[in-house]
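There are 2 protein chains.
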Amino acid sequence: MPAKAILISIGDEILYGQTLDTNSHWIAGALDSLGIRVSKKLTIADTREDILYYLKESEDQADVVLLTGGLGPTSDDLTKPCLVEYFGTQLERNEEMLENIRRLFKKAGREMSEVHEQQADMPANCTPVANNMGTAPGMWFERNGKVIVSMPGVPYEMRKMMEETVLPKLSSMFIKDSIYHRMIRTIGIGESALAEIIKDWEKSLPPHIKLAYLPTMGSVKLRLTTSGESEQTKKEVQNKIDEVLPLINKYVYGFDDEEIEEAIGRMLKTRNLKLAIAESCTGGFLSHKITSVAGSSEWYSGALVPYSNQLKNEQLKVDNKIMEEHGAVSEPVVLALAKNIREVFKADVGVGISGVAGPGGGSKEKPVGTVWIGYSDEKKTVAKKFQFVRDRNINIAYSVVAALNMIRINLDKD
Amino acid sequence: MPAKAILISIGDEILYGQTLDTNSHWIAGALDSLGIRVSKKLTIADTREDILYYLKESEDQADVVLLTGGLGPTSDDLTKPCLVEYFGTQLERNEEMLENIRRLFKKAGREMSEVHEQQADMPANCTPVANNMGTAPGMWFERNGKVIVSMPGVPYEMRKMMEETVLPKLSSMFIKDSIYHRMIRTIGIGESALAEIIKDWEKSLPPHIKLAYLPTMGSVKLRLTTSGESEQTKKEVQNKIDEVLPLINKYVYGFDDEEIEEAIGRMLKTRNLKLAIAESCTGGFLSHKITSVAGSSEWYSGALVPYSNQLKNEQLKVDNKIMEEHGAVSEPVVLALAKNIREVFKADVGVGISGVAGPGGGSKEKPVGTVWIGYSDEKKTVAKKFQFVRDRNINIAYSVVAALNMIRINLDKD
Chain A
1 MPAKAILISI
11 GDEILYGQTL
21 DTNSHWIAGA
31 LDSLGIRVSK
41 KLTIADTRED
51 ILYYLKESED
61 QADVVLLTGG
71 LGPTSDDLTK
81 PCLVEYFGTQ
91 LERNEEMLEN
101 IRRLFKKAGR
111 EMSEVHEQQA
121 DMPANCTPVA
131 NNMGTAPGMW
141 FERNGKVIVS
151 MPGVPYEMRK
161 MMEETVLPKL
171 SSMFIKDSIY
181 HRMIRTIGIG
191 ESALAEIIKD
201 WEKSLPPHIK
211 LAYLPTMGSV
221 KLRLTTSGES
231 EQTKKEVQNK
241 IDEVLPLINK
251 YVYGFDDEEI
261 EEAIGRMLKT
271 RNLKLAIAES
281 CTGGFLSHKI
291 TSVAGSSEWY
301 SGALVPYSNQ
311 LKNEQLKVDN
321 KIMEEHGAVS
331 EPVVLALAKN
341 IREVFKADVG
351 VGISGVAGPG
361 GGSKEKPVGT
371 VWIGYSDEKK
381 TVAKKFQFVR
391 DRNINIAYSV
401 VAALNMIRIN
411 LDKD
Chain B
1 MPAKAILISI
11 GDEILYGQTL
21 DTNSHWIAGA
31 LDSLGIRVSK
41 KLTIADTRED
51 ILYYLKESED
61 QADVVLLTGG
71 LGPTSDDLTK
81 PCLVEYFGTQ
91 LERNEEMLEN
101 IRRLFKKAGR
111 EMSEVHEQQA
121 DMPANCTPVA
131 NNMGTAPGMW
141 FERNGKVIVS
151 MPGVPYEMRK
161 MMEETVLPKL
171 SSMFIKDSIY
181 HRMIRTIGIG
191 ESALAEIIKD
201 WEKSLPPHIK
211 LAYLPTMGSV
221 KLRLTTSGES
231 EQTKKEVQNK
241 IDEVLPLINK
251 YVYGFDDEEI
261 EEAIGRMLKT
271 RNLKLAIAES
281 CTGGFLSHKI
291 TSVAGSSEWY
301 SGALVPYSNQ
311 LKNEQLKVDN
321 KIMEEHGAVS
331 EPVVLALAKN
341 IREVFKADVG
351 VGISGVAGPG
361 GGSKEKPVGT
371 VWIGYSDEKK
381 TVAKKFQFVR
391 DRNINIAYSV
401 VAALNMIRIN
411 LDKD
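Chains A and B, in that order, give the protein sequences.
Taking the numbering used here, the leading residue of the first sequence gets 1, the next gets one more, and so forth.
Taking the numbering used here, the leading residue of the second sequence gets 1, the next gets one more, and so forth.
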């Protein structure tokens, strides 16, 4: 049996919908890679009653309980006093943690106050966990073979603490179950259509290989999960992947952790090509996605965001007459954007995007969500129209996925 | 007493850390604005046992239970059969929902299959909730004055369903508690330093006004919460805000829902100025933030992302000699970028960013996280160096926050 973990995020701001909890997402992924199974995630209020109640419930139900939040220096942070009460212990000032906090303040050239010194007060029964990114130390508690860890809610402080201390300690304490995941990543097809294509293959999967469909904006990931990481298991899963690939090949852009922008980077790098982008309605988001890939400067020239027609004309030589006649959101305009950005930036592949992201700017002929995307390389310049139907930010995000898929398809054709 | 809600997200992919749950975040905010208090959020596995157990527990603990996920057409989706079992009912094909699904397929010009028709099979005791963005209808159950609603996990399908049906119905059923929130938004100061400055004011708050510090990347929001929306309550909270503002004025960029990029848009629009951006290491993310604001074309010209030195020179006239002598990540380069983008794009305010986002490209003098930001307007051109210490994507995000704050400060000075 794999070790079971429960994650508790503490904070009214999460329950009020004011702060998005990314911590438990990150922790879940980190524990999964160790082979520790997260059986439940909880978000609870900053109240003494709830913290004490769910500490007890979680300690009963799981081997590992990880808490985030409520450790700040301010008076609305209740996690530490609750842990003191829960374990029936008291606070003691820890000199090592105090020294850490002092060092941090010195490095940042800031004054230290009483409130910061109090952050070095630790429950007597815990092993303090050093915080190298902030002032609130973590706390590691152990009893009856179970582990409870409290960490700050600031994401990068928690992550560093997990990576440096908590994950290695958990890994040495609990036997790995080695969950084995493989992921087939598709784009440009919906969940149901994909399920229809592969339904016979799905039926052929043995019971110990579990299939999940993970749809995200514009793409669907197929996840195969099984236990154990023996060579035989791996081979069996790979055989199943090899069986399904011919059915869905034209939608598959990569495997496992590879994002579509990384796959495009890989394709461009292999072919020694450079990409340039002229994006209007997406406002820089495609360029951001591309440059989120480490090392993208090897295959990426840069982008122009010509938000006005004047810039489209002056910077990218889009004919004013064409814009007057067809409008800025039109086939000839994105063809020109894609072709000209390639020339102006001396790149090999060019992309042009122009659309109506909304909420304003729509018309009967071109309602909100109308987006034209152009692609240009040495051999061809093509364009395609998309009609999205959501709000501004989702239309922008979908447009970027569509553009990434268009780059992939056209590079594949070459 | 306000109505109490529990949110349940169903899905192994969330527990494995493969999908970030943004649904419960959005729902929490939507319920909060109605005055329905979310007392707990749960994420549980796609298993019959867990779904049945937590349905029961949540129905006991709350007035409203909202479930998302597990309604897809594929075989790993268990929510609907579990609800049928939980309520001891059976499935019946619903003609209205079937008609909706047919209409959707017709609109998209796609073939419909048996698997899609099955999505119109509804538990006999529920009121189906139409899904106008996808094929899986929602289900509204009521008993003993309590409400259980099941919705798809696809974010925009769930949102539309909430907005069109679920929120109005909940609002009419449950008396509003009218939680009253005000938010003071600060940037450029840490949580502890802010707490130190306002500690006397914080002590002066009456017990029925609750203060929370909500730190996010590079900014801290102060949230004041109280019950009731009488004019007197609002005035009392406003008085407390007026008291604290003189102490922290230089860090405050806005109130309530206004994001820093919206605040900048407001400032630029009022002054009839246009912004242009030349961003290298941030790769388009600043431009994306700016253009995520609806109507930004009124005060935004556009951006150039000159990822190579060649583009910095050819497109923005940055002297090659300067880049050779000082490097691309340097004060004279961002001064030139900020000044020249303003001229080239004929804008009033220019911003230039150049840095080492990482993981590669660092040196002893310019380690990963070194970022120069330049600002230029009619009266001045200035630059500032920042040193971030995280990984690529966090360095990029912090750089964008720093740039936004630099625009704010310099516009304020004018």
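Ideal Cβ placement from N, Cα and C applies to all residues, glycine included.
In this structure T370(B) is not in contact with V349(B), their Cβ atoms being roughly 24 Å apart against a cut-off of 8 Å. Under the 8 Å criterion on CB atoms, N309(A) is classed as non-interfacial with respect to chain B. The stretch 370-384 of chain A and the stretch 328-341 of chain B do not touch, with fewer than three beta-carbon pairs separated by less than 8 Å.
At a cut-off of 8 Å between beta carbons, R182(A) makes no contact with chain B.
As a beta-bridge residue in DSSP terms, D121(B) pairs with R93(B). When DSSP states are grouped into helix, strand and coil, P246(A) belongs to the helix group. Between the stretch 224-243 of chain B and the stretch 190-199 of chain B there are fewer than three C-beta pairs closer than 8 Å, too few to call the two in contact. For Q90(A), not one C-beta of chain B is nearer than 8 Å to its own C-beta. Annotated three-state conformation of Q18(A) is coil, per DSSP. Taking C-beta atoms as the reference points, L15(B) and R48(B) fail to come closer than 8 Å. Within the stretch 22-37 of chain B, the residues whose Cβ lies closer than 9 Å to any Cβ of chain A are, in chain order, T22, S24, H25, W26, I27, A28, G29, A30, L31, D32, S33 and R37. Closer than 8 Å at the C-beta level to chain A, one finds these residues of the stretch 70-81 of chain B: G72, P73, T74, S75 and D76. Here V351(B) is near A403(B), since their CB atoms are less than 8 Å apart. With fewer than 16 neighbouring CB atoms inside 10 Å of its own CB, P246(B) falls in the exposed class. Per DSSP, reduced to three states, the secondary structure at T282(B) is coil, with no helix or strand assignment.
With contacts defined by Cβ atoms closer than 8 Å, A124(A) and T89(A) form a contacting pair. Rounded to the nearest whole angstrom, the C-alpha separation of S399(B) and V237(B) is 34 Å. In this structure I187(A) touches G218(A) by the C-beta definition: roughly 6 Å separates them, less than 8 Å.
Here K210(A) carries a strand assignment [DSSP, helix/strand/coil]. Contacts with chain B at 8 Å (Cβ-Cβ) do not include T226(A).
Between L170(A) and chain B, the shortest Cβ-Cβ separation is not below 8 Å. With a contact defined as Cβ atoms closer than 8 Å, G69(B) and A136(B) miss out at about 10 Å. Distance between T291(A) and D256(A), taken at the CA atoms: about 20 Å. By a beta-carbon distance limit of 8 Å, V318(A) contacts K312(A). Their separation comes to about 4 Å. For Y54(B), the enclosing alpha helix (DSSP H) covers residues R48 to Q61. As computed with DSSP, L222(A) is found in a beta bridge with I184(A) and Y213(A). Using a Cβ-Cβ cut-off of 8 Å, G17(B) counts as an interface residue toward chain A, since at least one Cβ of chain A sits closer than that to its own.
Between L83(B) and D121(B), the C-beta gap is not smaller than 8 Å, which leaves the two residues out of contact. Shown here, W299(A) sits in coil according to DSSP, grouped into three states, outside any helix or strand.
When the beta-carbon positions are compared, S376(A) and R342(A) come within less than 8 Å of each other.
The beta carbon of V115(B) falls within 8 Å of a beta carbon belonging to chain A, placing the residue at that interface. Residues G369, N395 and Y398 of the same chain have their beta carbon placed closer than 6 Å to that of F388(B), with the five preceding and five following residues left out of the count.
A direct Cα-to-Cα measurement between L170(B) and H25(B) gives close to 18 Å. In the structure shown, E111(B) falls within a coil segment according to DSSP collapsed to helix, strand and coil. Contact between the stretch 18-32 of chain A and the stretch 151-164 of chain A is established, with three or more Cβ pairs separated by less than 8 Å. Annotation: M162(B) is outside any alpha helix (DSSP H) and is labelled neither H nor E by DSSP.
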